[in-house]
Every structure is written in structure tokens, then in C-alpha cells.
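Trainee:
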Amino acid sequence: MWNLETDQRQMVLWASNAPPLSRTQAGHTVCAMYTGCIDCSGFLLAGGTDMRLRFWDFDRPTASYVALPAANDVLTPNSLAYELVTDSLQN
């Protein structure tokens, strides 16, 4: 997420086992995004070429989850986890 006033990155939502912001993630891209707010808490729905729809909770990134798994996913309870990566670069 970018702060338009400071022109700085504030947050990265990362759904991969690869290190955050690395280029080792191959093949998948985000095709659609929808942002909204529920009880003053921001969220993002993102769908990509991996055929999954992800729900990202901006206030509690660890509460983010795959809302709709891909047709060939083998699901196990609590098999996915997300983390918040903050960028503390200051000018």
C-alpha cells in the first residue's frame, strides 16, 4: 500500500512462501481487486491467475484468508497464514 501524501510504501500484502517482495514468486498475477470497509475496518478482495479469491484484512493481516480456493486445492484446516510486512523507510 502506498501513502499518496508521502509517496512511500506503507504495507505489503504477501501470499507466498517466498521472502516478501522477492522476485522468486513465479507465474501468478492479480487480475481483479475490490476494496471496501466493514465497521471502519478496510479490506481488499483480490482474485488472480492462481484461481483463488483472497480476503485481506488491513487492520489484522493475520486474519486474512483464501475466501474461495482453487478447484484443485486440497484443503486442511488452518493451512494458510499471512503476515504484514511494513516498510519503515523515511526520507
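According to my numbering, the sequence shown is numbered sequentially starting from 482. Even for Gly, the Cβ is constructed at its ideal location relative to N, Cα and C.
1) Can you give me the C-alpha to C-alpha distance between S522 and Y515, rounded to a whole angstrom?
2) Relative to the C-alpha of L565, which candidate in L549, T487, M492 has its C-alpha closest?
3) So for T557, helix, strand or coil by DSSP?
4) Just mark Q571 as buried or exposed, buried being the case when its beta carbon has 16 or more other beta carbons within 10 Å.
5) What would DSSP say about T543, mapped onto helix, strand or coil?
Mentor: Well, looking at it:
1) Taking C-alpha positions only, S522 is separated from Y515 by approximately 14 Å.
2) Ranking L549, T487, M492 by Cα distance to L565 puts M492 first.
3) Here T557 sits in coil by DSSP.
4) With a pLDDT of 49 at Q571, under the threshold of 50, the modelled position of that residue is not reliable, and no figure is offered here.
5) T543: helix per DSSP, three-state reduction.
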